[in-house]
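In the working numbering, the protein residues as written are 78 to 360.
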């Protein structure tokens, strides 16, 4: 059964309400990776230094050159702190805007989210991973309900694009080009795409995180020396198999089939179709 809407409520709007394009995701779906890919592509194509992209805000490019669409990244509706029933179905804010929704295999998302709340939250989670999977707030069922809402509301924005961590991993340059085109940017050259892919390579991102190259908490270890606290934690598609028991996997699988609209379930199980243990990019 698809998740039913709660009673109507006022939606939470982003701090930056002047965007042309909003890139949305549940936490730990690869948003920082996509942000770096897009930032480097825009920087290269327009000849604007990456320095204007303070705290990885791509809106800095638009301030320098008004022909660059104002692209805003946020999680939408403060979803990390919501229960399924607390999510808003009102997406009217996006009616005249473009929306990119980035998703990821739900089991990999859940594992990576667990390590985030364990090591990177201001109130660290103290339970085991099995406990976290069943939490009401900001865990598996919230993520699935969030995706389900967007499946039902994808016709509200002026334009809507669904992409995924796994699609980016399979063809990084090709999927990046598709996202940039959707945002209204000029067709990216092969050199521009290559520069972006090399810049945001997993090893390059790990090096940037360790050296604090970008001077932002968005790419900085929470606990220096503890790889599980890094943004660039592992980057393994299907890596959930190393952390979840068969019973825990069954729980997430069953919740997905019960909550998420069937057309988007293949995206939630994307690791099953990807080469096993493919080491790619950000966790």
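Even for Gly, the Cβ is constructed at its ideal location relative to N, Cα and C.
Fair warning: this is a prediction, and the values are worked out from it, not measured in the lab.
Asked                                                                                                                                                                               : Found
Only counting runs of 4 or more residues, tell me where the alpha helix (DSSP H) segments fall wholly within the stretch 173 to 223, in order along the chain.                      : 183 to 196 and 206 to 210
Look up residue 241 in the DSSP assignment and give the residues it is bridged to.                                                                                                  : 180
State the start and end residues of the unbroken beta strand (DSSP E) segment that holds residue 120.                                                                               : No beta strand (DSSP E) contains residue 120, which is instead part of the alpha helix (DSSP H) from 108 to 123.
Going by C-alpha distance, which of 331, 241, 237 and 319 is nearest residue 109?                                                                                                   : 241
Grouping DSSP H, G and I as helix and E and B as strand, with all else coil, what is residue 342?                                                                                   : helix
Could you tell me which of 265, 112, 229 and 326 sits nearest to residue 165, measuring between CA atoms?                                                                           : 229
Select from 330, 251, 345 and 239 the residue whose C-alpha is nearest the C-alpha of residue 28.                                                                                   : The question about residue 28 has no answer, for the chain in this structure spans 78 to 360.
First and last residue of the alpha helix (DSSP H) that includes residue 328?                                                                                                       : 323 to 336
For residue 175, is the classification buried or exposed, using 16 other Cβ atoms within 10 angstroms of its Cβ as the cut-off for buried?                                          : buried
Which residues does DSSP list as the beta-bridge partners of residue 148?                                                                                                           : 98
Buried or exposed, going by whether 16 or more other CB atoms sit within 10 Å of the CB of residue 94?                                                                              : exposed
Roughly how many angstroms separate the alpha carbons of residue 265 and residue 276, rounded to a whole number?                                                                    : 15 Å
What are the boundary residues of the alpha helix (DSSP H) that residue 249 is part of?                                                                                             : 249 to 260
From residue 168 to residue 100, what distance separates their C-alpha atoms?                                                                                                       : 14 Å
Would DSSP call residue 139 helix, strand or coil?                                                                                                                                  : helix
If distances are taken between C-alpha atoms only, which option among 122, 222 and 232 comes closest to residue 336?                                                                : 222
Return helix, strand or coil for residue 313, following the three-state DSSP convention.                                                                                            : strand
Leaving aside the five residues before and after residue 317 along the sequence, list all residues of the same chain whose C-beta is less than 6 Å from its C-beta, in chain order. : 184, 185 and 188
Quick check: what's the CA-CA separation for residue 329 versus residue 205?                                                                                                        : 15 Å
In angstroms with no decimal places, state the Cα-to-Cα distance between residue 98 and residue 111.                                                                                : 14 Å
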